Amino acid sequence: MCSPSFRRPGMHGLLLACILCTSSCYSYRIATHAQPATDAAPVNRVRAYSLFWGLLNKPQVISTPVCDSLGVNGVAEVRVKTNFGNTVLTFCTLGIYCPVTIEWKCAKPCAQVDSL
C-alpha cells in the first residue's frame, strides 16, 4: 500500500529530479610522503573494473612503466574516480560489473648529491 504522498503523479518526477540533481561523481585521492609531483607532471590513466563484487579485478596489477623509466621510487599521488554513468551501470548489474578510472602522478626524482 502506497503512502498518500506518492499517489500523485508529480511526486515521482520530483523524486527522480532530486535523485539526478544530487548525484555526482566521486573520487579517492591517495598521497604518499614521496616528493610531490608538480602540476606539470603528466597524469597517467587506466580504466579498471571489478567483477562479481570484487572477486575478480581487471587488471590485477597496474604497472607504472613511466615512473619506472624515470628511476623514481613510486608514485606521489593516486586517484580512483567514478562518475554517474559508471554508478548507474554498477547499480543495474547489482555490483557484478564496477568500472573505475585510476590516475597517478609519478614522484619527482631525488636530487643528485655530489660524492664526497
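The sequence shown maps to residues 1350 to 1465 in this note's numbering. Glycine residues also receive a C-beta, built at the ideal position from the N, C-alpha and C atoms. Bear in mind that the values here come from a model prediction, so they are computed numbers and not experimental data.
{"Check": "Pull up the DSSP beta-bridge partners for Asn1435, would you.", "Outcome": "BP columns for Asn1435 are empty, so no partner."}
{"Check": "Going straight from the alpha carbon of Glu1476 to that of Leu1404, what length do you get?", "Outcome": "This structure does not reach residue 1476, given that the chain is present from 1350 up to 1465, and the question cannot be answered."}
{"Check": "Trp1453 bridges to which residues according to DSSP?", "Outcome": "Asn1393 and Val1427"}
{"Check": "Under the assumption that Lys1430 contacts Thr1413 (Cβ atoms under 8 Å), give the Cβ distance between them as a whole number of angstroms.", "Outcome": "Incorrect: roughly 17 Å between the Cβ atoms, too far for contact."}
{"Check": "Is the distance from the Cβ of Ala1397 to the Cβ of Lys1454 below 7 Å?", "Outcome": "no"}
{"Check": "Could you name the residues of the same chain whose beta carbon sits closer than 7 Å to that of Phe1401, not counting the 5 residues immediately before and after it, in chain order?", "Outcome": "Ile1445"}
{"Check": "Determine the closest residue to Glu1452 out of Phe1433, Val1437, Arg1428 and Phe1440, with distance taken between C-alpha atoms.", "Outcome": "Arg1428"}
{"Check": "Measure the alpha-carbon distance for Asn1432 versus Thr1439 and round it to whole angstroms.", "Outcome": "11 Å"}
{"Check": "Can you check DSSP and say which residues form a bridge with Cys1447?", "Outcome": "Ser1399"}
{"Check": "Excluding the five sequence neighbours on either side, which residues of its own chain have a C-beta within less than 6 Å of the C-beta of Asn1435, listed in chain order?", "Outcome": "Pro1448"}
{"Check": "With distances taken from CA atoms, which of Lys1457, Ile1411 and Lys1407 is nearest Arg1394?", "Outcome": "Ile1411"}
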